[in-house]
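Notes follow the structure.
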Amino acid sequence: MADQLNTYLTLSGALFAIGTFGFLARRNAISMLMSIELMLNAVNLAIVSFGAFIPQLQGRGAVIALLVLAVAAAEATVGLSIVIAIYRNRRTPLVDEYDAMRR
Amino acid sequence: MRAWLYLIAAAVAVGIVVTPAILVFIFGGGSFDDALLAAFATLMLVAALAVVSMRDIIRCGLAMIVCFIALAGIYVQLEAPLVAAAQVIVYIGAISVLVLFAIMLTQTKSGSARLTFQTQARWGALAAVVLLILVSLAVYGTIWPNAGPRQPAATEAIATFLFHDYVLPFEVVSVLLLAAVIGGVFLAKREDITGEEPTL
Amino acid sequence: MTGIASALQGLPILSVVIFLPLVGAVILAFAPARWARSLALATALLTWLVSLAIAAGFGAAATGFQFKEELSWIPLFGIEYKLGIDGLSLAMVVLTTTLTWISILASFRPIQTRIKEYMVSFLILEVGMTGVFLALDTFLFYIFWEVVLVPMYLIIGIWGGSNRIYATIKFVLYTLVGSLLMLVAILATAFTFQAAHGGSWTGAFDFEVLRQFAGTGGFSDTLQLLAFAAFFLAFAIKVPMFPFHTWLPDAHVEAPTAGSVILAGVLLKLGGYGLIRFAVQLFPSAALTYAPLIIVLSLIAIIYGALVALVQPDLKKLVAYSSVSHMGFVTLGLFAFQSQALAGAMLQMVNHGLITGALFLCVGVIYERTHDRTIAKMGGLAALTPIWVTTFGFFIFASAGLPGLSGFVGEFLTLVGTFQANPWAAAVATIVMILAATYLLWMFQRIAFGEPSAFLLGLGHHLTDISATEVLTLAPLGAMVVAFGFFPGLFLNLFQAPIADTLNAVKSGHVIAIDPAIVAIGIGIVVAAVVIRLLSLRPSEAPPAPSTGVPVPAEGAG
Amino acid sequence: MTTQDLQTIAPFALAVLLAVAVLVVDLIRPGDRNGVLAVSLIGLGIVAAATVIVGQTPATAFAGGYTVDALTTFLDLVFIGIVAFTIAFAPDYLDPRGLPLAEFSVVLIFAMTGAMLISAAGDLLVLFIALELMVLPGYLLAGYHKTDGYSTEGAIKYFLLGSFSSAIFLFGLAFVWGMTGTTNIASIASNLQAIASGGAPLSPGLALGLGFMTTGVAFKIAAVPFHYWTPDAYQGSPTPVTGYLSVGPKVGAFALILRLFVVALYPLRADWLQVVVVLAFLTMTLGNLVALGQTNVKRMLGYSSIAHTGYMLVGLAAYAAGRVEGLQGLLYYGAAYSAMNLGAFAVIAALQKRAGVTSNLETFAGLGRREPWLGVLMTLFLLSLTGIPPTAGFFAKAYVILAAVQAAQAGNAALGVLAVAAVLNAAAAAFYYLRVVVYMFMREPQSEQPALRHGRLMWAGLAGATILTILFGVAPGTLLDIVSSAARAIAAS
Amino acid sequence: MSFDLLIPLIVALPLAGFVITAAIGRRLGKQAHWIPVGAVVLSWLAAMGVVVAALTNQAPFAENGYGVTLWQWIPAPGVNGAPDFVINAGFFVDHLTAVLLIVVTTIGMLVHVYSIGYMAHDAGYWRFFAYLNLFMVSMLILVLADSWLVLFVAWELVGLSSYLLIGFWYRKQSAALASKKAFIVNRVGDVGFALGIMAIFLDTHTLSIHDSLGVLSSQTLAAFPIPVWLVALGVFAGAVGKSAQFPLHVWLPDAMEGPTPVSALIHAATMVNAGVYMIARANPLFAAAPEVMTVVAAIGIFTAILAASIAMTQTDIKRVLAYSTLSQLGYMFASLGVGAFTAAIFHLMTHGFFKGLLFLDSGSVIHAVHEEQDMRRMGGLGRRIPQTYATMVIGAVAISGIPPLAGFFSKDEILGEAWKNGFAWVWAIGLIVAVMTAFYMFRLIGLTFWGKSRVNSEVEPKIHESPSVMTVPLWLLAIPSVVLGAILSWPGPPLGPLLGQNDQTGLLAGWLEPVFAGAQQQLGRSEASFQLFGIDGALLGASIAVAVIGVLIAWRLFGVELGPIRAGQRPERVKALTARVPFLYRASLNKWWFDDLNNLLFVVIGGWVANGAAWFDRVVVDGIVNGIGGVTRRAGADLARVQTGRVQNYALGIALGLIVMAGSYFVIAGGR
């Protein structure tokens, strides 16, 4: 079981799904950021497990994962700065109240 | 008094995490490996669920840390210690910052369900479940053409990849971070621009 | 004659006649506004003279296109800048240039705001129109076709009446729907040609080559049916044929006088020209197959247009619907595929341009003074503005097809030609002789005769008779109406070659058997549309009760 | 890495250096607008030159991670042009609002580097990171007017959904890696060829990967039903940014499509063609229909850009159906669309030089009288967007439609439907484009405002956009050659 | 002078008069008449020259005429086997044309002169003469035309000029309506005529009158795509319209709104005869379609009795004359129908003169009593305006068919031919009409000139005889009204035999013989020799008798003052009589409700149809167009609802999209 690729992929799928749920369900900007982090980690898990189980990807997987990690960090930075900026204007972290623009 | 409660809660948590491991160990053909994975997996998923479902934003953050630790554990099992390490360092670091920001940002540490969840939460749940089903279907319906047994990824190999094959992405990521930082700083910087009314 | 011809052979005279107005427009754009009028008029007149020079140098006897110009433009697709002129295009170009300078002259007094932009758009409009008539490359043709759209859109939209924006947007959208489908068809034909020539694009957009290709049955039946439908839709909307005509009254009512003149005088002809030149000659089989349907539509347009015109309360609307009726003759004559009918159709295009243009000018003259076009408010104008009434009456009779004036010859040729191909169609169409006389004379009697109405008397000295300038705009049209009434040969001789081209093209075609199911579906769609519309009627749209008969003018006198 | 590698990536490297340079300039002499402008524009010129020079010799570097071919060169030039124009238009908008130009240029140039890298990516990992490098600055730029609620709102929507889609895209990517065991585009293509050639059903894993990747990409190009972010982000962003967003990331995303779908996933085209056809139809139709009712010009142009995505997808579909013209049309469309759309936004930006001026339709009332030249230019750009000849927009549309018609006659009826749908959409689109003209020329302004003095750069930029818009319409020859060679570079022969 | 020049000159002169007067007439004021009248006089001279030459068959005139081609009008050669459609504008003069020329130019000239006086005080003096000249042009082209199309042109042009002249007093609403009505009703007939012409071209591939008639009469009926009877009907429709035969007769009475000289010239003497002329011209065509000739006869005689019945009760002097014109035209058509072409033309000529005379007289009367037209406000005018009175009595006697005046000869010939050609019913009805004719004419005379004056008091003293410029033409018309019949029939029957000259053809018959001979023998009409003491004598007696009876009845009811013969008027008897036949009386008074019928047909129903079409256009056709636009925009608005502004909603949308996408890929991938 632990030596089955599918196990890990399913795990990552589950994590991805949870992240998706969080992203769809939470109102707080921070929570949504966290959900995205979850999803990215799910992807990382998939990548790493591929790297572990597929000879051609051996090692590559790890590298990719590392880079993705960095990307995630960058995204987090940007996201937070934007969150701060808008919080200054709107004084609320609840994203679904930012609906001045619609239709 | 509260301490007791915390202890009980911890016990419950441990119980939740350990039970599946034990079950797997007993029924799953008694591989220690599997039990460990089961434990980590359970921990990770439970923590993840906590992240998306708890009301107190700070606890969500903490839960996420737990989740990532568990994930790191899984990485170790996948014999990618480097990734595991990075995971711990980067994420704990990043996340602590994240949570700090969150506290600094949102006055109300925890809010009612109405404040926490979107009206469409149940639809979101449904979508998530369907997604999970799709993925698992895909996973189990697929024979990975060139999948082999699990082997460790030698750190040297990683290094060579990182500094030979993937040197370009590596460099680019630095650029990416640079850009992100510059922009982020600009946006986060508090300066009272001669602001006027919003202009679409 | 030959002297002029040889003199012209060298230079790209067609490009000159197309782009001269553009040059004028550019100069105008940078010149001070107070010169706008004179500069525009000068340009238009110059263009007119050039077109006359072409006419003088044109060899009526020769067949095929003359003064050809050919320039590789987009070699990758074999798209060329190719111009050429034959009898039909010559007539149309001269009509265009003439009406343009007349319209510009007629705008001097009515147009007082943004005169510069107005004149610029007008000259650009002329570029587009002449271009359409002279282009021998389907792609180039399409481009000019669309170029016409924009200035007209502005002319109606900026200098038009109260409801101008609705009218102009309707005009543009309606035209665009048709023309864009035509674009698809153009590309399809081009590709068929390319595919048939081992992937070589050379000549894929060259009208002459395509026509020759079509003559050898190059286009498959299905392609013909589809492509013809697309072309036809584009042209039918411009003509406009029933049931695609409803943009016309709105556009006419809102457009400034000169706009209406050009609209009726030239823009509608673009449709007829396109049908004759492209739709029929490129897709003969489809043309033969669709002909019965088109003839029926033409007949409906002829009678129905006249009936609707009968009860229009607004002068311009009435003339607009009369256009629908008159242009029905063009399509009728064209799709009779008979030499006299074709000649009549072509002549009818010219005459309709002259006469209806003049009618709109006359209406404009009276609108200038009364700022009203409601027939009911007029009355007894003959006593107040006798010269105007005489002029108007003259053109009204011309429009009613009075023999001796140009309108008659075209109409009669169309009828006699159609009669030989299809007596019943001709018989139905002939009835319009009564209806035309009815709506025109009734309108004339109501506005011109009897005691002057209180409304008109209220205007007092504002209601002056027609002015010298206005006479100057109308006189040439009147002269031409008479001249071409007596000497239609001037045009008929020009038309011989185009007629032969068209008929030979048609001869190469065959009637395509259409799956009745498709026909049924088509009818079904139309019926469905009507039914849905009728089911969604609002009370304000209730049909007229049988009792509300207006006094149509056969009533007992006195 | 070798010097040869360095030469090959010279344009990219130079671009990065340029960004840093601009930053340095700002550090040395804060608030020196002209300095920043000069450095940025000259720098862009140099980058462009480098691109052209390097582009002479197709090559690959970094173990196939970075490829230079005609396509790269063409797209890079387009990107550089877009950024140059944007920077030229920016000051007139930013200055009155007290927004610094330096950071703007820097972030913008970073975004450009990302786009350039996409167009040159030979490796899916590079592709992904390049994509991030392109879009992250986009998020920042969207919120660049940070004191403005709308700007930041647009930004956060753009960011959240954007990273959501990135995650989805990456997830799909991971599965493709797992399936093919490589990240190199070329080898992926060959592996897939091996898989697809069998004609056996694709494994669900691959299908899932395809699905996730298509979704991610569709989001980036704002294809329906993944377009939701577009109107809000466009409306909220500062106008020059909107102008950039409407073309830069779009063309960049299409570059991504070219590298990913047209090259890497080419063997599976039969599968994604059908999806693309549906996407194209939905995209152009919904974009146009919703745009009909818009009263805010920026938002309207947002929807219109969705519609244009649809037209470009028609070209893609035509290529997938076997007509290389589709590819050429797609590229041509990209270039033409960039020129005319930037022009349109430039006019809006110029109008908004007076702080507090909204981009609602009323703003345009009587513009034709107030500022005739702006009015005329806007009309030109709008006509081009409508697709009225002789403008760039017309020829571009004609091009993709031609491809679609060819495919249809080659037996793929769906493409025929697409072609007809495309023209009908164009007709409907005329309504909302021309409505702006109606306001400019046929409505009187409710309040008479004196004409503004616009910067020289603004005029220069407008002139440039105008020339291109007309040139691509009247004399498409040159661009055609470039485009077809670019297409030839990646088209499967 | 060459006839190639002279013949066109007949038309050119009045044309010049028209153009000049139209251009500068306004400035000439009261002198405006010189040019047009002069032009007409000259044209009359030219015409007379041509007539003499033509009737005496001197070169270049052959027995069947001589033609002049002016220019090639419509060159429309056929392609791919279609026949060439090449029309020349040209004139053709044969005996028939010559005879018509006499009538048209002579009466035209006299009316012109008369108008100088009649219109003297009218504001539109110059306009009137311009129009009159225009009419002369059109009418002359009509009789001279050598091709059907040219004929059609003239056909419409006379319509135009009649339109202009009826509506001359355009401020009068009734005049405007009448003119319009005249034109439109004529158009109805013209549709048939036009179709007939097209059919002729389709059948014969030519529109030259003579060639086409030659073809039509020569070939067998089956040979034509369009059967001859259809062609004939079409042409006949045109004649019905122009000559105001039932059912298109309604316009003529209203046409009396025009100035009286117009009524005299156009609506009595010339234009309304065009139909008769054309059918006579087309006699081979009709001879080839005998059934149509029966129709012609029926329509003609029916119109005759219908109009006569109406004329008996009308009180407007001009309307009485108008209906009498209808009735006489009916005679002519009947005569054409029975194959008596010569008789028809004969009556055309005589009628032209005496009806012209009567109208001019009525004009003179109206003038005298200051534009009063109602005979109930006249009476006893005989003494006040003797010349008018005398000439009018002559006219009345002539039209009543009392020998030896003109009317007798022509009418008697018509009735006789009808009987002899086997149309007894035509003859019978004709006799009744003759009674009525005599009756209503002398009713008119009685009410107008005899008995006590009923003129209202302030006009009474001012009654005066017209100036000589008006009376002279009266006399000039009165003379032919007396003698023309005798001259034209001499030395043929009935005078010839009476004076011992047997089996001679009359003058007119001699002239027209070459025109009609063909048709005559195709119809198998043989000229039986005239038996004075046989059938012909009987017929003669009959027609004389009925005429006398009619006159006597009129005298009995409306009095008489002819020297010794005197009788008072007896209104009470009239009342009693009308009370006896109330229906007939009301029918006659209301013109058999034809105007009401038209009102119902065209005003109510036609108007409803037109409104319906307009409604359909606005609501359905345009409604569908706008509907499509509306639906599109509404769809856009509805789709825009998706854009809620909430990120999570967007995200959900994307997630769903993702699911669908992945699912569809499963399907696609699985399905390959």
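Protein chains in written order, with the numbering used here: chain A, 676 to 778; chain B, 32 to 231; chain C, 160 to 717; chain D, 50 to 542; chain E, 381 to 1052.
We treat Cβ as the ideally placed atom computed from N, Cα and C, and that holds for glycine.
Whole-angstrom C-beta distance between residue j and residue i, which should lie under 8 Å
i                 : j                 : result
Leu706 of chain E : Thr683 of chain E : 6 Å
Tyr598 of chain C : Ala465 of chain C : 6 Å
Thr577 of chain C : Ala559 of chain C : Not confirmed; about 19 Å, so no contact.
Ala476 of chain D : Leu636 of chain C : About 35 Å separates the two Cβ atoms, so there is no contact after all.
Val65 of chain D  : Leu93 of chain D  : 13 Å between Cβ atoms; not a contact.
Range covered by the alpha helix (DSSP H) that runs through residue i
i                  : result
Ser84 of chain B   : Phe63 to Ser84
Gly247 of chain D  : It is not in any alpha helix (DSSP H) - Gly247 of chain D carries neither H nor E in the DSSP assignment.
Arg765 of chain A  : Arg735 to Arg765
Thr232 of chain D  : Unbroken run through Thr232 of chain D: none, as it is neither H nor E.
Val1000 of chain E : Element bounds for Val1000 of chain E: n/a, residue is neither H nor E.
Beta-bridge partners of residue i, as assigned by DSSP
i                 : result
Trp451 of chain E : E:Ala469
Asp473 of chain C : C:Thr533
Ile233 of chain C : C:Ile238
Asp754 of chain E : E:Asp696
Leu435 of chain E : According to DSSP, which records beta bridges pairwise, Leu435 of chain E is partnered with nothing at all.
Element boundaries [beta strand (DSSP E), containing residue i]
i                : result
Thr39 of chain D : Past the boundaries of the shown model lies residue 39 of chain D; chain D is included only from 50 to 542, so the question cannot be answered.
Just checking, does the segment 492-499 of chain C make contact with the segment 522-533 of chain C on the three C-beta pairs under 8 Å criterion?
no
What ranges does the alpha helix (DSSP H) occupy inside the segment 298-386 of chain C, keeping only unbroken runs of at least 4 residues that lie completely in it?
323-355 and 366-374
The segment 701-721 of chain E in contact with the segment 825-844 of chain E per 3-pair CB rule at 8 Å
no
Do three or more CB pairs link the segment 435-452 of chain D to the segment 287-307 of chain C at distances below 8 Å?
yes
Which runs of the alpha helix (DSSP H) fall wholly inside the segment 897-974 of chain E and span at least 4 residues, in chain order?
915-938, 951-960 and 962-969
Flag this pair as touching only if the segment 847-857 of chain E and the segment 866-885 of chain E have three or more C-beta atom pairs under 8 Å; answer yes or no.
no
Is the number of C-beta pairs between the segment 663-671 of chain C and the segment 438-455 of chain C that are closer than 8 Å three or more?
yes
Examine the Cβ distances between the segment 836-854 of chain E and the segment 764-784 of chain E and report whether three or more of them are shorter than 8 Å.
yes
Pairing CB atoms from the segment 459-467 of chain E with CB atoms from the segment 531-550 of chain E, are three or more of them under 8 Å?
no
Would you check if the segment 251-266 of chain C and the segment 208-221 of chain C touch, i.e. whether three or more CB-CB distances between them fall below 8 Å?
yes
May I ask you to verify whether the segment 403-411 of chain D touches the segment 337-356 of chain D, counting CB pairs closer than 8 Å and requiring at least 3?
yes
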